[in-house]
Every structure is written in structure tokens, then in C-alpha cells.
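Report on one structure; see the data block that follows.
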Amino acid sequence: MWQLITLCLAHPAFVFPTIAATRTCLAIANQHYGKAHHLDGQANAFRHALWNFLIAKRLDHKNKERVLAWTKNITDWHERAFPNTKMARFMDTHNNKVGRKLFVMYTGKSKEEITQQLLHMAQNAKAIHAHDKQSLPDQTLVYLKQS
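Just so it is clear: in the sequence shown, position 73 is 342 by my numbering, and no numbers are missing.
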């Protein structure tokens with residue numbers, strides 16, 4: 270908890286836009302996937318990438334590196350703070366990275382445009398297994414293959 274407080278105190282102007290982006294992301298994920306985005310499938314991959322894109326986009330700061338560092342730090346904190354399996358954490362952090370990469374590539378895209386792009390990417394996401402923890406392309410969403 271102290272890590273979160275320290276992070277937020279270091280960047281107070283980023284806190285409320287991050288909360289707003291998180292709420293927007295959850296609303297979009299609920300609209301398109303219902304509760305399925307809380308599982309480890311394609312819907313979850315979509316949500317994590319969209320979340321990172323929307324946080325960075327919502328901050329609308331001149332210093333992109335600072336925005337990307339905050340987005341990575343706050344979403345990495347989230348992954349550490351809440352219990353998850355190693356593979357689920359691997360999947361989430363990879364999809365978070367995809368969202369940040371898309372922000373760099375498509376900063377000017379609207380929320381609707383990036384949502385459509387990510388919906389398409391989620392349909393084509395790669396299923397991974399426990400033994401698949403290799404380096405994955407930054408533009409490929411991944412989800413856990415259910416046994």
C-alpha cells in the first residue's frame with residue numbers, strides 16, 4: 270500500500286485521470302464482454318491493453334516518456350498488489366505492454382478507434398501455456414489456454 274501512496278504522491282496530477290481511464294476501460298470491457306474480462310481469456314487481454322492505452326491517452330501530457338513510465342508503474346503495482354498465478358501475471362504484464370506500445374504508435378486514435386482495433390486483436394490473440402513464457406511480439410495480445 271505504501272508503494273501506491275508514494276507513487277501517487279510523486280505524480281498527484283496523474284491520479285484522477287488514471288481513475289477515470291480505469292472506469293472507462295471497465296465500462297467498455299463490460300459492454301463488449303460482460304464478466305468474461307475478469308477471466309484469463311481474450312476478453313482479459315483486451316481489457317489490459319485498453320486500460321494501458323486509455324491511462325496514457327487520458328493523461329494528455331507533453332512528456333510521453335513520463336506518461337508511459339507512470340502507466341507502467343501504476344499497472345505494474347496493480348499486478349503485484351493483487352494475487353495471481355505466475356502465468357496470469359505474465360499474460361497481464363505482456364498485454365499491458367501491448368497497450369502502451371499501441372499508445373506510442375497511435376496516440377491520435379480515438380477511444381472508439383482503439384477499442385475496435387483491440388477487439389480485432391483480441392479475436393486473433395495467441396493462446397499461451399505454462400511452458401510458453403518466451404518473448405512475445407509487442408503487438409500480439411495473449412491469453413491463457415485453458416486445459
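Glycine residues also receive a C-beta, built at the ideal position from the N, C-alpha and C atoms.
HIS317 to LYS380, Cα distance in whole Å? Working through the sequence shown from its first residue, we reach residue 317 at position 48. Working through the sequence shown from its first residue, we reach residue 380 at position 111. The straight-line gap from Cα to Cα measures roughly 14 Å.
Buried or exposed: HIS398, going by 16 or more other Cβ atoms within 10 Å of its Cβ? As a working mapping, residue 398 is identified with position 129 in the sequence shown. Residue environment analysis places HIS398 among the exposed positions, since fewer than 16 neighbouring C-beta atoms fall within 10 angstroms of its C-beta.
In terms of residue numbering, what span does the alpha helix (DSSP H) encompassing LYS341 cover? For the purposes of this step, residue 341 is taken as residue 72 along the sequence shown, with counting starting at 1. Segment 333 to 350, the alpha helix (DSSP H) holding LYS341.
Exposure label - THR354; buried when at least 16 CB within 10 Å: Start at 1 with the first residue of the sequence shown, and residue 354 comes out as number 85. The residue is exposed, with fewer than 16 neighbouring Cβ atoms inside 10 Å.
Buried or exposed: ARG327, going by 16 or more other Cβ atoms within 10 Å of its Cβ? To locate residue 327, count along the sequence shown from 1; it is residue 58. Buried, since its Cβ has 16 or more Cβ neighbours within 10 Å.
Indicate the three-state DSSP secondary structure (helix, strand or coil) for ALA391 in the structure shown. Indexing the sequence shown from 1 puts residue 391 at position 122. For ALA391, the secondary structure class from DSSP, reduced to helix, strand or coil, is helix.
What are the boundary residues of the beta strand (DSSP E) that includes TYR375? By 1-based counting over the sequence shown, the position of residue 375 is 106. TYR375 -> no beta strand (DSSP E), and no H or E assigned at all.
Thinking C-alpha only, which one of THR340, GLU348 and ASN299 is nearest PHE285? Along the sequence shown, one-based indexing puts residue 285 at 16. Considering only alpha carbons, the answer is THR340.
How long is the line joining the alpha carbons of TYR375 and ASP407, rounded to whole angstroms? Within the sequence shown, the letter at position 106 stands for residue 375. Within the sequence shown, the letter at position 138 stands for residue 407. Using only the alpha carbons, I get a separation of about 14 Å.
In the DSSP assignment, find the unbroken beta strand (DSSP E) run with LEU410 in it and report its ends. Numbered from its first residue, the sequence shown carries residue 410 at position 141. LEU410 -> no beta strand (DSSP E), and no H or E assigned at all.
Kindly list the residues whose CB is nearer than 8 Å to the CB of GLN392, restricted to its own chain and excluding five residues on each side of it in sequence; keep chain order. For the purposes of this step, residue 392 is taken as the residue at position 123 of the sequence shown. Answer for GLN392: GLN311, listed in chain order.
Measuring alpha carbon to alpha carbon, tell me which of ASN342, PHE372, ALA305 and ASN365 ends up nearest LEU276. By 1-based counting over the sequence shown, the position of residue 276 is 7. Checking every option, the nearest Cα to that of LEU276 belongs to ASN342.
Output yes or no for whether 8 Å exceeds the beta carbon distance between THR293 and LEU337. As a position in the sequence shown, residue 293 is number 24, starting the count at 1. As a position in the sequence shown, residue 337 is number 68, starting the count at 1. No, Cβ-Cβ distance for THR293 and LEU337 is not below 8 Å.
Any non-hydrogen atom of the ligand ADP closer than 7 Å to ILE288 Cβ: Although the ligand ADP was asked about, the structure shown includes no ligands whatsoever.
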